[in-house]
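Presented below is the structure to which this report refers.
Residue numbers (this note's numbering): 177 to 595.
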């Protein structure tokens with residue numbers, strides 16, 4: 177009975193001061209709605225950029241990295257010489273052969289591991305793409321078409337043709353969308369490629385892919401392993417990379433270390449390869465959290481000021497209530513009810529308004545230009561964001577009303593009535 181009475185008094189106070197109530201609710205509403213828009217958009221951008229980078233990226237990559245020889249030639253030739261000073265100018269980097277030793281057997285051993293989903297061999301080389309006077313530098317990647325289609329997303333990124341078409345023709349090639357536009361070629365056209373060693377091979381375009389990222393689409397092409405080995409004048413055992421996909425990529429770092437120790441190869445996990453991307457994602461998420469917290473905190477201070485003014489205006493009412501037998505905790509309850517009602521109603525409207533803003537944003541064209549191909553703004557409709565925003569908004573409003581309500585509970589009715 178007492179609880180319903182405090183609620184009734186709280187509702188009466190809110191309804192008699194409608195402007196103050198609406199202003200307080202709007203503070204919560206816009207705080208939560210802007211929080212949802214910001215966190216949904218920023219996490220959407222993070223997810224979009226991460227997916228672009230990770231869709232065709234292996235969880236673990238095995239390759240021979242370029243090494244710089246730190247020991248001088250003289251030190252290697254005469255390691256026991258002491259007391260002498262030797263100076264060697266312009267020592268060349270160590271000649272590292274990109275070929276992986278026993279790559280096929282290594283791939284079979286890796287696929288036997290229970291954590292590994294599959295292994296895709298690859299031959300990578302830098303080439304010049306030539307079409308008449310047009311000459312563009314880029315990467316030509318030789319792939320196992322079947323394994324690439326099973327483990328990665330290239331087959332789903334085809335704008336024209338199919339990945340399997342590489343197997344139906346000798347010396348076929350799939351070009352990135354931007355590269356095909358620059359070369360002014362389409363399916364069925366021929367172009368030549370030239371390696372750094374001077375080897376030339378004519379290829380026929382059988383497909384065009386698009387990842388939506390200029391770094392990939394403007395300078396990358398795929399062919400079969402045999403075609404790239406042919407242009408590089410290498411034997412069929414020549415493999416430069418092994419790309420590993422795991423069932424759980426969270427285990428990639430530990431697995432990479434295990435592979436390096438067990439097989440004596442250089443294994444790089446996806447988090448190490450994409451460290452700058454992950455660092456940028458963490459910074460953007462931290463900035464979003466700080467700004468969103470500030471918005472809700474400002475809304476909380478607004479409610480605090482309104483509740484504080486409300487208590488000052490209601491001092492005589494509070495004194496009468498205490499004089500008629502209301503306890504301090506009941507006075508606190510009245511104003512906490514007001515804060516909770518403002519928080520719940522403002523939060524609910526904020527959720528609906530924020531969702532509406534997010535829907536509108538997700539239909540807004542994205543001006544990616546030639547850098548990124550994406551139709552609309554990336555927005556992440558994660559239910560956890562809505563739960564987080566609503567909960568934090570309600571808690572903030574209750575805390576904002578707690579301190580004024582404790583102040584109201586300390587009112588001395590005798591002094592107020594006499595004054």
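Cβ atoms here follow ideal geometry from the backbone N, Cα and C, with glycine treated the same way. Values in this document were obtained by computation on a predicted structure and should not be read as measured data.
Option in the options with minimal Cα separation from residue i
{"i": "residue 309", "options": "317, 328, 326, 368", "result": "368"}
{"i": "residue 235", "options": "422, 220, 434", "result": "422"}
{"i": "residue 337", "options": "450, 560, 398, 437", "result": "398"}
{"i": "residue 280", "options": "416, 210, 183", "result": "416"}
{"i": "residue 357", "options": "386, 346, 329, 286", "result": "386"}
{"i": "residue 333", "options": "228, 452, 585", "result": "228"}
{"i": "residue 465", "options": "433, 425, 217", "result": "217"}
{"i": "residue 418", "options": "485, 318, 470, 478", "result": "318"}
{"i": "residue 224", "options": "287, 482, 284, 554", "result": "554"}
{"i": "residue 301", "options": "405, 516, 195, 502", "result": "405"}
{"i": "residue 483", "options": "393, 515, 208, 303", "result": "515"}
{"i": "residue 521", "options": "214, 291, 203", "result": "203"}
{"i": "residue 289", "options": "219, 431, 212, 320", "result": "431"}
{"i": "residue 504", "options": "586, 210, 364", "result": "586"}
{"i": "residue 588", "options": "580, 499, 304, 513", "result": "499"}
{"i": "residue 580", "options": "304, 535, 487", "result": "487"}
{"i": "residue 393", "options": "330, 403, 211, 220", "result": "330"}
{"i": "residue 596", "options": "237, 433, 452, 335", "result": "The chain is shown only over 177 to 595; residue 596 falls outside these bounds and no answer can be derived."}
{"i": "residue 238", "options": "226, 210, 212, 274", "result": "274"}
{"i": "residue 502", "options": "584, 189, 195", "result": "584"}
{"i": "residue 211", "options": "299, 461, 511", "result": "461"}
Beta-carbon separation (whole angstroms), residue i vs residue j, contact threshold 8 Å
{"i": "residue 348", "j": "residue 342", "result": "5 Å"}
{"i": "residue 507", "j": "residue 491", "result": "The pair is not a contact, with the Cβ atoms about 11 Å apart (cut-off 8 Å)."}
{"i": "residue 339", "j": "residue 383", "result": "7 Å"}
{"i": "residue 518", "j": "residue 573", "result": "6 Å"}
{"i": "residue 472", "j": "residue 569", "result": "6 Å"}
{"i": "residue 400", "j": "residue 321", "result": "6 Å"}
{"i": "residue 558", "j": "residue 197", "result": "At roughly 31 Å, the Cβ-Cβ gap does not stay under 8 Å, so residue 558 and residue 197 are not in contact."}
As assigned by DSSP and simplified to three states, the class of residue i
{"i": "residue 307", "result": "strand"}
{"i": "residue 398", "result": "strand"}
{"i": "residue 180", "result": "helix"}
{"i": "residue 366", "result": "strand"}
{"i": "residue 380", "result": "strand"}
{"i": "residue 345", "result": "coil"}
{"i": "residue 511", "result": "helix"}
{"i": "residue 442", "result": "coil"}
{"i": "residue 237", "result": "strand"}
{"i": "residue 289", "result": "coil"}
{"i": "residue 421", "result": "strand"}
{"i": "residue 577", "result": "helix"}
{"i": "residue 336", "result": "strand"}
{"i": "residue 298", "result": "strand"}
{"i": "residue 541", "result": "strand"}
{"i": "residue 225", "result": "helix"}
Alpha-carbon to alpha-carbon, residue j and residue i
{"i": "residue 420", "j": "residue 410", "result": "23 Å"}
{"i": "residue 427", "j": "residue 445", "result": "9 Å"}
{"i": "residue 201", "j": "residue 459", "result": "31 Å"}
{"i": "residue 443", "j": "residue 437", "result": "9 Å"}
{"i": "residue 191", "j": "residue 578", "result": "20 Å"}
{"i": "residue 206", "j": "residue 193", "result": "20 Å"}
{"i": "residue 571", "j": "residue 447", "result": "36 Å"}
{"i": "residue 582", "j": "residue 575", "result": "11 Å"}
{"i": "residue 240", "j": "residue 441", "result": "8 Å"}
{"i": "residue 395", "j": "residue 312", "result": "8 Å"}
{"i": "residue 429", "j": "residue 277", "result": "23 Å"}
{"i": "residue 187", "j": "residue 455", "result": "49 Å"}
{"i": "residue 362", "j": "residue 231", "result": "25 Å"}
{"i": "residue 467", "j": "residue 182", "result": "36 Å"}
{"i": "residue 539", "j": "residue 551", "result": "9 Å"}
{"i": "residue 477", "j": "residue 184", "result": "25 Å"}
{"i": "residue 178", "j": "residue 475", "result": "For residue 178, the predicted structure reports a pLDDT of 47, less than 50, and the residue's modelled location is therefore unreliable. A value from the coordinates is still provided. Each residue's alpha carbon lies about 30 Å from the other."}
{"i": "residue 377", "j": "residue 408", "result": "10 Å"}
{"i": "residue 414", "j": "residue 346", "result": "19 Å"}
{"i": "residue 199", "j": "residue 479", "result": "9 Å"}
{"i": "residue 527", "j": "residue 306", "result": "55 Å"}
{"i": "residue 449", "j": "residue 360", "result": "33 Å"}
{"i": "residue 214", "j": "residue 469", "result": "11 Å"}
{"i": "residue 344", "j": "residue 391", "result": "28 Å"}
{"i": "residue 556", "j": "residue 222", "result": "9 Å"}
{"i": "residue 566", "j": "residue 208", "result": "7 Å"}
{"i": "residue 282", "j": "residue 381", "result": "32 Å"}
{"i": "residue 424", "j": "residue 291", "result": "7 Å"}
{"i": "residue 543", "j": "residue 536", "result": "16 Å"}
{"i": "residue 412", "j": "residue 364", "result": "27 Å"}
{"i": "residue 598", "j": "residue 180", "result": "Residue 598 is absent from the model: the chain starts at 177 and stops at 595."}
Any C-beta of chain B under 8 Å from that of residue i
{"i": "residue 305", "result": "Among the protein chains of the structure shown there is no chain B, as only one such chain exists."}
Near the ligand PLP: residue i beta-carbon under 7 Å from a heavy atom
{"i": "residue 483", "result": "With respect to the ligand PLP, the structure shown offers nothing to examine, as it has no ligands at all."}
At least 3 beta-carbon pairs within less than 8 Å: the region 525-541 vs the region 560-574:
Yes, the region 525-541 touches the region 560-574.
Is the number of C-beta pairs between the region 368-379 and the region 319-338 that are closer than 8 Å three or more?
Contact between the region 368-379 and the region 319-338 is absent, because fewer than three Cβ pairs lie under 8 Å.
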